[in-house]
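Below: the structure, in structure tokens.
Residue numbers (our numbering): 43 to 223.
The following block contains the structure:
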């Protein structure tokens, strides 16, 4: 079997000069390609920005009009939905209100089931309202069921009527929904 052996030879000065010239040409090609890429990116980024502006312009007017109409329909619904009814069906659609859950605060901070003060509060009301996993957390869903909220945001324990001085609730307006037929 014949083995090919690559023999390294010394380069001549002419060959080195030719290689250096080729390296210069390749570097120039790479720089030109990078410049072209940057120009293309800038060009298309400008087009994308303009397209976004056009889309925003097209959405702004109908969105603004929709907000105005919804406000007017809400006023109409508030005046015409009476008693325990929460909706008004019309030939072209339905206007309805949906109760939203209040946002609770304890010690000035929004309630978080892992809050030590909430865990302690839950434990004081009923130890079963504290769930023990690897860390302690209040059974916030269960605790909320045991609380009542007054119109001014005062929070009380439903069973005992005890007012929770450190806790308050932010009462949110009902969600208003418009459905078209």
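By construction, the Cβ of each residue, glycine as well, lies at the ideal position given by its N, Cα and C atoms. Everything numeric in this text was worked out from a predicted model, so none of it was measured.
Buried/exposed call for residue i, threshold 16 Cβ in 10 Å
| i | result |
| --- | --- |
| residue 51 | exposed |
| residue 209 | buried |
| residue 68 | exposed |
| residue 70 | exposed |
| residue 108 | exposed |
| residue 185 | buried |
| residue 153 | buried |
| residue 56 | exposed |
Those residues which DSSP pairs with residue i across a bridge
| i | result |
| --- | --- |
| residue 129 | 138 |
| residue 97 | Note: residue 97 sits in no beta bridge, so no partner. |
Supposed contact pair residue j and residue i - C-beta distance, whole angstroms, cut 8 angstroms
| i | j | result |
| --- | --- | --- |
| residue 148 | residue 159 | 5 angstroms |
| residue 142 | residue 216 | 6 angstroms |
| residue 197 | residue 191 | 6 angstroms |
| residue 171 | residue 180 | 7 angstroms |
Closest by C-alpha distance to residue i, when choosing among the options
| i | options | result |
| --- | --- | --- |
| residue 146 | 121, 182, 113 | 182 |
| residue 218 | 97, 72, 114 | 114 |
| residue 119 | 125, 110, 130, 111 | 130 |
query: Mind pulling the alpha helix (DSSP H) runs of 4 or more residues that sit fully within the region 158 to 189?
result: Taken in chain order, the unbroken stretches of alpha helix (DSSP H) that lie wholly in the region 158 to 189 and span 4 residues or more are 158 to 167, 182 to 187.
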